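Take a look at the structure set out below.
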Amino acid sequence: MFDKLKHWTMGFLDCLPNNEMESCSDFNYYTRDTDPRELPRPKKYPSLEFPSASPCTPSDGCSCYNCRELIELSECPICTGDYQRGVTACEHCGNVTCWGCAARLPDCPFCRRPRTAARNTALERIFSKLQVPCKPSRLQNKKLDTHQEEHMCLVKRDCTWRGMLADLASHLEGDHSVSVLVANGITIEIAGFRSKVKMSELRGRQYTISLACFASIFVCNISLHKKRLRLLFTGASSHRSQKFGACLEVESSYRVMKGIMPVSSQCYKHKELYISCSSLLSPWRQTDDVVKITITIRPIS
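Going by the working numbering, the first residue of the sequence shown is number 92, and it counts up by one from there.
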């Protein structure tokens with residue numbers, strides 16, 4: 092068990108440059124640390140497209156990642172209108188709204204503090220020079236790419252669903268009741284671990300987690316059966332040549348195990364990791380324990 096995880100980990104670390112061999116804390120291609128006071132935009136599922144490496148061509152109606160994000164940033168988060176009528180900023184949290192919304196709202200919609208409408212002339216000059224499409228153009232239906240590859244269901248082998256990557260999240264949630272979390276990491280806590288290990292001889296337990304990051308969707312299956320933990324990772328990505336690994340940290344009050352496990356892009360050619368539950372339980376304590384499994388997805392060169 093430990094030799095297999097060590098072998099996978101050393102194989103992944105050999106693929107990384109020296110400047111990338113840091114702890115797996117946050118690996119996102121395009122997101123930055125956002126202000127926790129910022130009002131989230133109404134997106135049900137994340138964008139599952141990689142930033143285009145081709146040069147930007149505004150004259151041809153460029154739809155690269157930077158241009159799409161710029162269009163969203165040029166919209167007021169309250170009325171989704173443009174900032175052509177003026178930009179106001181909160182003196183407390185720094186978030187901006189259009190002049191019309193600021194005149195109607197006595198308090199800041201982000202930090203809820205009373206404020207006076209203060210113009211942000213620097214942003215007004217920037218938005219006045221941008222060639223931003225009109226709102227009807229932004230809301231028109233997007234044409235489907237006929238060259239996109241079809242993906243299979245990542246949860247069950249006998250599921251007959253096939254479709255585009257952008258529709259996979261809704262399939263997992265609607266047909267398999269698996270919520271897709273927009274993040275590249277998660278921590279699972281299994282409380283009462285000793286009692287559940289004893290019951291696993293008669294009845295097993297299964298945990299299914301799905302993460303959306305790096306223009307991909309990943310599914311982690313954790314099962315507890317016959318006093319063993321089984322971990323299996325599968326993923327569907329819009330970039331076929333990109334490989335991914337899952338940084339694992341399995342922690343109990345008795346032992347901590349760390350390593351990197353490969354993420355398979357095919358449901359039928361996956362790699363499994365089995366962990367003996369006895370290696371996570373203290374032989375000197377008979378009280379129930381909490382086992383934490385921290386998972387962080389990261390790209391591997």
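Ideal placement from N, C-alpha and C gives every residue a C-beta, glycine not left out. Nothing here was measured: the structure is a model prediction, and the numbers come from that model.
Give a yes or no on whether the minimum CB-CB distance between residue i and chain D is below 8 Å.
i: SER328; result: Chain labels in this structure do not include chain D; a single protein chain is all it has.
If distances are taken between C-alpha atoms only, which option among the options comes closest to residue i?
i: VAL354; options: PRO200, ARG346, VAL310 and LEU161; result: VAL310
i: GLY336; options: GLY326, TYR345, HIS330 and CYS170; result: GLY326
i: CYS167; options: GLN377, LEU372, GLU215 and GLU340; result: GLU215
i: SER367; options: THR387, VAL341 and THR385; result: VAL341
i: VAL288; options: HIS361, SER314 and THR299; result: SER314
i: LYS349; options: LYS362, LYS383, ARG331 and HIS316; result: LYS383
i: CYS395; options: GLU182, GLU280, VAL187 and VAL269; result: Given that the chain is displayed from residue 92 to residue 392, the structure contains no residue 395 and the question cannot be resolved.
Which residue or residues does DSSP assign as beta-bridge partners of residue i?
i: GLY254; result: HIS242
i: GLY172; result: DSSP lists no partner for GLY172.
i: ASN312; result: THR299 and LEU323
i: CYS189; result: VAL178
i: ALA209; result: ALA180
i: GLY276; result: THR387
i: VAL271; result: SER301
With 16 other CB atoms within 10 Å as the buried threshold, where does residue i fall?
i: SER328; result: buried
i: ILE217; result: exposed
i: ILE301; result: The sequence shown places Ser at residue 301, rather than the Ile named in the question. Buried, because 16 or more other Cβ atoms sit within 10 Å of the Cβ of SER301.
i: TYR174; result: buried
i: LEU263; result: buried
i: GLY276; result: buried
i: LEU372; result: buried
i: ARG285; result: buried
Where does residue i sit, in a helix, a strand or coil, going by DSSP?
i: VAL381; result: coil
i: CYS368; result: helix
i: GLY265; result: helix
i: SER329; result: coil
i: SER394; result: In this structure the chain extends from 92 to 392, so residue 394 is not present and cannot be described.
How is the beta strand (DSSP E) around residue i delimited, first residue to last?
i: VAL341; result: 334 to 342
i: VAL347; result: 347 to 353
Could you tell me the boundaries of the alpha helix (DSSP H) in which residue i lies?
i: LEU288; result: Before going on, a small fix: residue 288 reads as Val here, not Leu. 284 to 290 is the span of the alpha helix (DSSP H), which, as asked, contains VAL288.
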